[in-house]
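Chains as they are written, first to last, in my numbering: chain L, 1 to 252; chain W, 253 to 504. Built from N, CA and C at the ideal position, the CB exists for glycine as well.
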């Protein structure tokens, strides 16, 4: 893991890093505490690890809870090189937008490929983060994400025992994700949008239903997934604080 | 409104009252503040206004938020006289338990009757509460309930503009309730149990869908409705505090 830059604002230190081909960022408290939980942040498809909403959320988790937050670009996203599969998917999305063809099958194919590539990348990133003296192997690890970040997160959480709590936003659900959910037994919080043009309700309900966790909840809000309301960030803080065991200083 | 008793414990004053045939209870802070919101608490079918869980919730709302909480017995419940319709419903439930017949139709008939009778009773109770000097007409009013308390609360909220926020737990949903939900435009929070033996998911999802509020949310937990987890009480506190505008002293 190579740190390429370090900046600081409002008590939050931001360090960009690379790990082989992976490009990532680590947000930490300026005054770190010993056992701060580590939250892995998975971005939406088509954007990148430092999209504005993700930076705001990361700062909130760091400054409100003293958590450490790590994000990596998905393959072909952000600062990553695009391979032929990424270019083909981009072209397919562009064609579908032009012709009005359904994008569901393209999302399923591309997210399946991205998750296959991203799971070992996240595992290598966790290895490298745990080797850092200010994180170590004792920090409890949570995962949070939306859409593509959920597709990757479900596949990752199903096989990665170091993740002990996960908060999943809306996702275009498909069979492999439902199968992954059946393997997940850690505490999970799902949040979906009720009137999402691109994401049907039924597969999301089926995904929640399939999840094997005894401690799971599903929170539904009106609107589309890009209109999720502000106080959900606090719900995430409460969820991770409850399960990863650090003191929150957030007011309800 | 006639107060028949007054007791106090842990900073919460409990006053039993009668209003004509209606039997009720009012919980208030020992040190009331001026603009404390008033929460109307609707009990589950078969129990009464002071069942243990309701008392605990009321004490939590009073001592954590400084709210005032009022509860009345549903017709034929608690300290109320049973009329021939109440006796007939009890006999029908007992027969169904004995023979294993479905209780859905009995619930629909009985809850319809109870809601018809209870809505004007709640409205008279609100009138009387607003005439009390320590409540008045400026206190914002919220409604919270489960099962029968939801059936009554939906019918009440649809016609009672003084209620400006409502938190509804699981309910055996039927057509009249879905129609009532279409009239409701105030902020509403629904909470349901996912694996409820007696309450199907689909009508509950349809009820949420039908609700006309722009500011609505649905929270789903595993298990049955009598197994809802403890931290939901805090969610209710946050919901009412957010919408009725009093300072919460609750920690997240």
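Hey, is residue i's beta-carbon within less than 7 Å of any beta-carbon in chain L?
i                     : result
residue 482 (chain W) : The pLDDT assigned to residue 482 (chain W) is 49, lower than 50, so where the model puts this residue is not dependable, and the model offers no usable value.
residue 477 (chain W) : no
residue 258 (chain W) : no
Applying a beta-carbon distance threshold of less than 9 Å, which residues of chain L neighbour residue i?
i                     : result
residue 426 (chain W) : In chain order: nothing, as chain L lies at least about 21 Å away.
Just to check my reading of the structure: residue i and residue j have Cβ atoms closer than 8 Å, yes? What is that Cβ distance to the nearest angstrom?
i                     : j                     : result
residue 253 (chain L) : residue 472 (chain W) : A query on residue 253 (chain L) cannot be resolved here, the shown segment of chain L reaching from 1 to 252 and no further.
residue 293 (chain W) : residue 450 (chain W) : So it is not a contact: roughly 22 Å between Cβ atoms.
residue 452 (chain W) : residue 475 (chain W) : That pair is no contact at about 15 Å.
residue 173 (chain L) : residue 203 (chain L) : 4 Å
residue 22 (chain L)  : residue 85 (chain L)  : The Cβ separation is near 17 Å, so there is no contact.
residue 445 (chain W) : residue 477 (chain W) : 4 Å
residue 154 (chain L) : residue 163 (chain L) : Actually they do not touch by this definition, with Cβ atoms about 11 Å apart.
residue 75 (chain L)  : residue 118 (chain L) : 6 Å
residue 180 (chain L) : residue 158 (chain L) : 4 Å
residue 281 (chain W) : residue 318 (chain W) : 5 Å
residue 49 (chain L)  : residue 24 (chain L)  : 6 Å
residue 358 (chain W) : residue 344 (chain W) : 5 Å
residue 15 (chain L)  : residue 31 (chain L)  : Not a contact, Cβ separation roughly 15 Å.
Could you tell me whether the Cβ of residue i comes closer than 7 Å to any Cβ of chain W?
i                     : result
residue 244 (chain L) : no
residue 11 (chain L)  : no
Using the beta-carbon of each residue, which ones in chain W are nearer than 9 Å to residue i?
i                     : result
residue 186 (chain L) : Per Cβ cutoff of 9 Å: no residues; residue 186 (chain L) is ~14 Å from chain W at best.
residue 219 (chain L) : 469, 470, 471, 472
Taking C-beta pairs closer than 7 Å, name the residues in chain L that residue i reaches, listed in chain order.
i                     : result
residue 468 (chain W) : 222
For residue i, which option in the options has the closest C-alpha, if you only look at C-alpha atoms?
i                     : options                    : result
residue 378 (chain W) : W:361, W:429, W:320        : W:320
residue 341 (chain W) : W:497, W:325, W:366        : W:366
residue 236 (chain L) : L:3, L:82, L:168           : L:168
residue 404 (chain W) : W:462, W:316, W:322, W:368 : W:368
residue 241 (chain L) : L:60, L:118, L:158         : L:60
residue 160 (chain L) : L:74, L:186, L:94          : L:186
residue 72 (chain L)  : L:44, L:93, L:65           : L:44
residue 79 (chain L)  : L:149, L:137, L:51, L:100  : L:51
residue 434 (chain W) : W:459, W:416, W:423        : W:459
residue 140 (chain L) : L:10, L:35, L:25, L:4      : L:35
residue 322 (chain W) : W:399, W:417, W:269        : W:269
residue 63 (chain L)  : L:55, L:54, L:12           : L:12
residue 463 (chain W) : W:353, W:491, W:430        : W:430
residue 3 (chain L)   : L:98, L:83, L:129, L:150   : L:129
residue 239 (chain L) : L:146, L:147, L:142        : L:142
residue 285 (chain W) : W:390, W:486, W:400        : W:390
residue 146 (chain L) : L:136, L:245, L:57         : L:57
residue 530 (chain W) : W:267, W:350, W:387        : Here chain W has residues from 253 to 504 only, and residue 530 (chain W) is not among them.
residue 299 (chain W) : W:353, W:349, W:400, W:461 : W:400
Any C-beta of chain L within less than 7 Å: which residues of the region 302-316 of chain W qualify?
none
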